[in-house]
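Q: What follows is a single structure, and I will ask about it in a moment.
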Amino acid sequence: MTGPCQLCPRRCAANRIRGQVGFCRAGDGVRLFRWGPHFGEEPPICGETGSGAIFFSRCTLKCIYCQNSPWSWRGEGRDVTVPELTDILRDLAVKHRCGNWDLVSPTPYLPYARAAAAPLLAEGIRLPFVWNSSGYERVETLTEYRDLCDIALVDLRYADETTARMASSAADYVAAARAAVRHLWNTLGPLDSEEPGRATRGVIVRILVLPGHADEAIENLAWLATECSNKVHVSVMSQYAPAFTACDTPPFDRVVTEEEYASVTEAAADFGFEHGWIQGFDSRDPSSDLVGENMTAGEGSVGDS
Ligand code: SF4
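In case it helps, my numbering puts the sequence shown at residues 38 to 342.
Set out below in structure tokens:
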């Protein structure tokens, strides 16, 4: 990490190695909440042994409905050194035999992740990197850290900057996320496997249907089909559950209705998306919706979410 931080679209220029903290609250060094095999991602990412997930503390977005607020907003977790992060990556690959290194919201920590992986790569220990992201990214950063992105698992959350400002304090989310997805699609192309745990390269775009904002999910599917391709693997999700301050903020204080969800899944079919996953509306398991909020810090497996 050198100089003012410009890693995410906020470009807040915090001089983190000199003790400043950024908008995301990240300072010098790495802070993690939890790491271990994770079974809550899409099948080609999980497989039988799980993705090798590392949940980084802090976040570049400020989502009012965040299910991970203990560590994304409040920064719970623990600081680790780069050699400790190397050991974690090693354990995920060698001890747990995970199918990939699944970096969850890694953007503030990319320089440290690269430094931590370097000794392993020199030893010939190498898993595909999953860049697991809200989609709020800079193309310049994605280009600079291309070596940490074999598989992009990214959201397209909003199509309206008013919603993005209100719900995530990021009015520029729509422009940033669309530029990022377009770049990732052009760089990585389609997912190379639909077999559980076998993907090594490609793009998955997640469409989390938000209550009262299904029209934005449809608009993003239309954009994706037109500006990228309907060959993109999409993961349409019904699992939204109110959490954190959204519990007092209509319409984010409720789950998605069946009618709202059907409008999005029908649009996905109408736009010709044939690859990916449509979460069943009836198969939602409310007890697992808040798995993030209920997760304990430290090492250990993370179940279905
Ligand atoms: S990653 Fe954090 S510190 Fe860096 S520009 Fe973004 S908000 Fe600022």
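Backbone N, C-alpha and C define an ideal beta-carbon position, used for all residues, glycine too.
Counting only runs that start and end within the region 98–128, where is the beta strand (DSSP E) found for 3 or more residues in a row?
A: With a minimum length of 3 residues, the continuous beta strand (DSSP E) runs that stay inside the region 98–128 are 115–117.
Q: Is there at least one non-hydrogen atom of the ligand SF4 closer than 8 Å to the beta-carbon of Gly44?
A: The sequence given here places Leu at residue 44; Gly does not occur at that position. It does: the Cβ of Leu44 is within 8 Å (strictly closer) of some heavy atom of the ligand SF4.
Q: Roughly how many angstroms lie between the CA atoms of Arg62 and Asp187, to the nearest whole one?
A: So the alpha carbons of these two residues sit roughly 27 Å apart.
Q: Under 9 Å between C-beta atoms, does Leu190 make it to chain D?
A: Of the protein chains in the structure, only one exists, and it is not chain D.
Q: In three-state terms, what does DSSP make of Phe281?
A: Three-state DSSP puts Phe281 in a helix.
Q: Whole angstroms are fine: how far does the CA of Ala236 sit from the CA of Ile91?
A: Those two C-alpha atoms are separated by around 18 Å.
Q: Among Val292, Val269, Arg71 and His250, whose alpha-carbon lies nearest the alpha-carbon of Gly335?
A: Among Val292, Val269, Arg71 and His250, the Cα nearest to that of Gly335 belongs to Arg71.
Q: Straight-line CA distance for Ala136 to His220?
A: For the sequence presented, residue 136 should be read as Gly rather than Ala. Distance between the alpha carbons of Gly136 and His220: 25 Å.
Q: How would you call Ser338, buried or exposed, if buried means at least 16 neighbouring beta carbons within 10 angstroms?
A: So Ser338 counts as exposed.
Q: Considering only the beta carbon of each residue, do Ile241 and Val301 sit closer than 9 Å?
A: Cβ distance not < 9 Å, so Ile241 and Val301 don't count as in contact.
Q: How many angstroms separate the CA atom of Gly77 from the CA atom of Ile315?
A: Taking the straight line joining both Cα atoms gives about 14 Å.
Q: Buried or exposed: where does Asp139 fall if 16 or more other Cβ atoms within 10 Å of its Cβ makes it buried?
A: It counts as buried.
Q: Is it a yes or a no for the region 250–268 touching the region 174–187, going by three-plus beta-carbon pairs under 8 Å?
A: No, because fewer than three Cβ pairs between the region 250–268 and the region 174–187 fall closer than 8 Å, the two stretches do not touch.
Q: Please state the DSSP three-state secondary structure of Ile82.
A: Note: Ile82 maps to helix in three-state DSSP.
Q: Quick check on this structure: which residue in Ala216, Tyr298 and Gln276 has the alpha carbon closest to the alpha carbon of Asp252?
A: Nearest option by C-alpha distance: Tyr298.
Q: Excluding five sequence neighbours on each side, which residues of the same chain lie with their C-beta closer than 7 Å to the C-beta of Ala50?
A: Closer than 7 Å at Cβ, skipping near neighbours: Pro41, Cys42 and Gln43.
Q: Could you say if the region 85–100 and the region 142–161 meet the contact criterion of at least three C-beta pairs nearer than 8 Å?
A: At 8 Å Cβ cutoff, the stretches touch.
Q: On the three-state DSSP scale, how would you describe Gly329?
A: The answer is helix: DSSP assigns Gly329 an H, G or I state.
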